[in-house]
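Read the structure below first, then the notes.
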Amino acid sequence: MKELKRYLSYIGIYKVPYWSIFIVTLTSSAILTLAWPYMNKLILNALEYGDRGLFVRAAALCVLLVVLNCLSPYERYFQIRIVRKIVFDIKIRLFEKLMKLDMNYYESHHSGEALKTLNWDADSLKDSYFSHFYWVFGRLVTGVISVIAMIVYSPMLTLISIGFCLVTVFVSIKINRQIKQMDKEIQSKIVKLTERLSDILSGFTTLKMFSGSSIVLAHFQEENEQAAKAQRRRVKKFSALEMVSFFLGILASFGTIGAGAFMVAQGRLDYGTVMAVVSLQMDASFMVQSFGGSLATFSASLVRAGRVFDFLELDCEEPGNLEIEGAENRGAAETERTESAESENTHIVSLRKKSNPIEIENLTFSYGGQPDVLHDFSMEVMDGEKIMVMGESGRGKSTLLKLLLRFYPQDAGKIKLYGHDIEEYPLCQLRQLITYIPQDNYLFEGSIYENIACGYTGKGQVSDAQVRRAAESAYAEEFIAALPQGYDTVLDAGGSNLSGGQRQRIAIARAFLKDSPILLMDEPSSALDVQSEKMINQAMKELMKQKVVIMVTHRATSFEAFDRVVRL
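Everything in the sequence shown is counted per the working numbering, starting at 1 for the first residue and increasing by one.
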């Protein structure tokens with residue numbers, strides 16, 4: 001019941017239209033369930049007694065049934081339309097949640113798990129909300145109405161039928177519990193299979209070069225076989241459930257027909273009543289036969305839906321609670337971005353005059369209980385100071401930058417920006433104060449213009465002139481202009497149709513456009529050829545002007561623009 005309440009709560013703002021069309025569909029189904037047997041009763045009794053009035057009533061009822069059947073496709077249309085809106089909103093919430101999760105989630109969960117949740121599990125909600133839920137509760141309501149009508153027509157025949165139905169329901173519920181556990185096992189196996197496939201696709205180039213493909217294929221086949229076995233066990237159990245339900249349903253039908261024939265022979269019932277009861281009993285029998293399977297299917301839907309809802313209910317990054325003058329927390333992402341930009345311009349300028357940009361006091365951090373990456377580390381950065389952080393791999397250089405961005409919470413110590421603990425800043429405010437250039441910048445699938453423009457955090461829309469000026473400052477204008485479509489050139493995911501140096505210059509153009517007072521760089525010119533590195537260095541010299549800079553590197557660069565070196 002708890003899972004069902006959670007499932008229904010995610011209908012959200014569509015509760016009124018969803019339940020309205022659900023009730024209309026149920027009402028229509030109930031009328032059809034009652035009307036067909038009653039029409040049969042009228043026709044048989046009219047034939048038996050030669051009553052023309054009964055024929056007229058049966059004809060009028062037939063017209064009503066035709067109209068209701070013609071309206072059924074429209075009922076389904078409106079139901080599908082509402083369900084698609086529900087699932088669309090849930091997918092948007094899933095993506096927003098993905099953007100708000102902290103780094104611990106990404107490091108402790110395989111990307112294939114998130115992909116399965118956002119795609120297959122989320123898509124399965126369409127069938128769940130549209131058909132699976134109705135199959136269970138719609139058929140249950142139809143069955144109850146049929147039983148009530150049967151009681152009105154003949155309590156004795158109803159009592160006989162109910163005895164068979166209770167046995168069927170008891171068996172269905174017992175088998176369904178086993179099927180639900182199997183569904184959970186299947187979901188777990190599919191997640192592992194998705195993760196394995198994601199790994200294979202990520203390392204496809206390496207597999208093509210070496211002879212290890214047979215080893216990887218063997219692992220994939222093993223995961224696939226385990227998933228297939230779990231699904232075969234479920235199919236076997238589900239088939240047993242359907243067989244038992246069908247057998248007991250047929251037994252109930254023959255029992256009702258036999259009892260009705262006996263009562264007609266005794267003169268206790270007329271032919272029309274027996275026909276009506278038998279028709280209703282067939283509806284009730286169908287409900288009993290299909291209820292077990294419908295319940296099992298709906299249970300599987302709840303398992304998949306539970307994975308989606310569990311994802312939506314994961315903890316997000318702490319938003320912070322610093323009230324910055326001029327900003328309002330309105331909740332909408334675009335409003336938050338605009339208000340943050342205004343407050344950064346109006347308030348941080350005054351903060352710079354009061355406190356140092358960065359103060360780190362006795363900072364300690366470790367990954368998941370592992371040995372400390374940083375221990376009791378302290379550093380103070382003055383306004384406009386440029387610092388190079390050097391050290392061997394694993395000494396916490398990149399981690400330091402991520403802690404400044406609040407990707408992780410520190411274990412001990414404090415980090416302050418302009419005199420305020422970073423935990424007090426709203427996250428969007430904090431990250432607008434900082435521009436971060438990692439070693440491998442991500443370029444998404446879209447135009448070059450869009451990839452540069454996404455760095456803009458100012459008020460209103462970014463102008464073409466601002467984007468072009470940022471590209472020129474990053475020495476990217478020349479190679480962009482040489483492309484056939486210029487700024488409209490569409491990049492592949494990750495920017496794979498550009499060279500490493502070109503990708504890095506796009507990232508630097510993005511940083512120019514953001515123009516934050518603090519600049520963090522993690523090996524920005526590593527893995528580049530000499531010419532590209534020279535051009536990147538020139539662009540970064542311009543970018544570093546009038547900013548606080550911390551750059552992480554393994555080696556001394558050709559820069560002479562750093563005030564001091566901090567070694568870890």
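Glycine included, every Cβ here is placed at the ideal spot set by N, Cα and C. These numbers come from a predicted model, not from an experiment.
(message) Check this for me: beta carbons of ASN451 and ILE508, under 9 Å apart or not?
(response) no
(request) Throw me the rounded Cβ distance for the MET182 and LYS237 pair, which I believe falls under 8 Å. (result) 6 Å
(request) Please classify TYR153: is it buried, with 16 or more other beta-carbons within 10 angstroms of its beta-carbon, or exposed? (result) buried
(request) Can you grab the Cα-Cα spacing for the pair LYS97 / PHE130, in whole Å? (result) 25 Å
(message) Quick check on the burial criterion: 16 or more other C-beta atoms within 10 angstroms. Buried or exposed for ASN119?
(response) exposed
(request) Confirm, please, whether the CB-CB distance from GLY391 to LEU568 is below 9 Å. (result) yes
(message) For the ligand NAD, is there any heavy atom lying closer than 8 Å to the beta carbon of LEU519?
(response) With respect to small molecules bound, the structure shown includes none, and the ligand NAD cannot be examined in it.
(request) Take ASN441 and list the residues in its own chain whose beta-carbon comes closer than 7 Å to its own, dropping the five residues that flank it on each side. (result) ARG503, GLN504, ALA507
(request) Within 10 angstroms of the Cβ of MET150, are there 16 or more other Cβ atoms? Answer buried if so, exposed if not. (result) buried
(message) Assuming the contact rule is C-beta atoms closer than 8 Å, MET287 and ARG139 should be a hit. Round their C-beta distance to whole Å, please.
(response) 5 Å
(request) Please confirm if TYR436 has its CB atom under 9 Å from at least one CB of chain E. (result) Absent here is chain E; the protein component of the structure consists of one chain.
(request) Measure the C-alpha to C-alpha separation of ALA296 and ARG81 and round it to an integer number of angstroms. (result) 25 Å
(message) Strictly by DSSP, which residues pair up with SER9?
(response) BP columns for SER9 are empty, so no partner.
(request) Put PHE137 into one of helix, strand or coil per three-state DSSP. (result) helix
(message) Please tell me whether ARG406 and ILE422 are closer than 9 Å, where the distance is taken between their beta carbons.
(response) yes
(message) Output needed for ALA332: all residues of its chain with C-beta closer than 6 Å, excluding positions within five of it in sequence on either side, in chain order.
(response) Because ALA332 sits at a pLDDT of 37, beneath the cut-off of 50, its placement in the model cannot be relied upon, and the following sentence gives the value as read from the coordinates. Closer than 6 Å at Cβ, skipping near neighbours: no residue.
(request) Label VAL217 either buried or exposed according to how many other C-beta atoms from any shown protein chain fall within 10 Å of its C-beta, with 16 as the threshold for buried. (result) Here the sequence assigns Leu to residue 217, which means Val is not the residue at that position. When all chains shown are included, LEU217 counts as exposed.
(message) I'd like to know if the stretch 132-146 and the stretch 427-445 are in contact, where contact means that at least 3 CB-CB pairs between them fall below 8 Å.
(response) no
(message) Can you check which of these residues, ASN69, PRO484, ALA259, is closest to SER447 by C-alpha distance?
(response) PRO484
(message) Helix, strand or coil for ASN119? Go by DSSP, reduced to three states.
(response) helix
(message) With distance defined between alpha-carbon atoms, name the residue in GLY369, LYS116, LEU400, THR117 nearest to GLU359.
(response) LEU400
(request) Please report how far the alpha carbon of GLY572 lies from the alpha carbon of VAL171, in whole angstroms. (result) A question about residue 572 goes unanswered here, because the residues of the chain that appear run from 1 up to 568.
(request) Kindly indicate which residue of LEU159, LEU26, VAL548 has the alpha-carbon position closest to the one of GLU385. (result) VAL548
(request) Determine contact between the stretch 271-287 and the stretch 243-259, defined as no fewer than three beta-carbon pairs at a distance below 8 Å. (result) yes
(request) Specify, as a first and last residue, the run of the beta strand (DSSP E) that MET388 falls within. (result) 386-390
(message) To the nearest angstrom, how far is the alpha carbon of GLU3 from that of GLY306?
(response) 8 Å
(message) Buried or exposed for THR273, going by 16 or more other Cβ atoms inside 10 Å?
(response) buried
(message) Assuming VAL548 is part of the alpha helix (DSSP H), what are its boundary residues?
(response) From DSSP, VAL548 is part of no alpha helix (DSSP H) but of the beta strand (DSSP E) over 548-553.
(request) Could you name the residues of the same chain whose beta carbon sits closer than 8 Å to that of HIS219, not counting the 5 residues immediately before and after it, in chain order? (result) ARG196
(message) Whether or not the stretch 424-433 and the stretch 358-374 are in contact is what I'm after, with contact meaning three or more pairs of Cβ atoms, one per stretch, closer than 8 Å; do they touch?
(response) no
(request) Could you check which residue in GLN439, TYR7, ILE160, PHE311 has the C-alpha nearest to that of LEU101? (result) PHE311
(message) Tell me the rounded alpha-carbon separation between GLU523 and ALA476.
(response) 19 Å
(message) By the three-class DSSP mapping on this structure, what secondary structure does PHE377 have?
(response) strand
(request) Could you name the residues that DSSP lists as bridge partners for GLU313? (result) Per DSSP, none; premise fails for GLU313.
(request) Take the Cβ of LYS541 as the centre, count every other Cβ of all protein chains shown within 10 Å, and call the residue buried at 16 or more, exposed below. (result) exposed
(request) Measure the C-alpha to C-alpha separation of GLU472 and GLU478 and round it to an integer number of angstroms. (result) 8 Å
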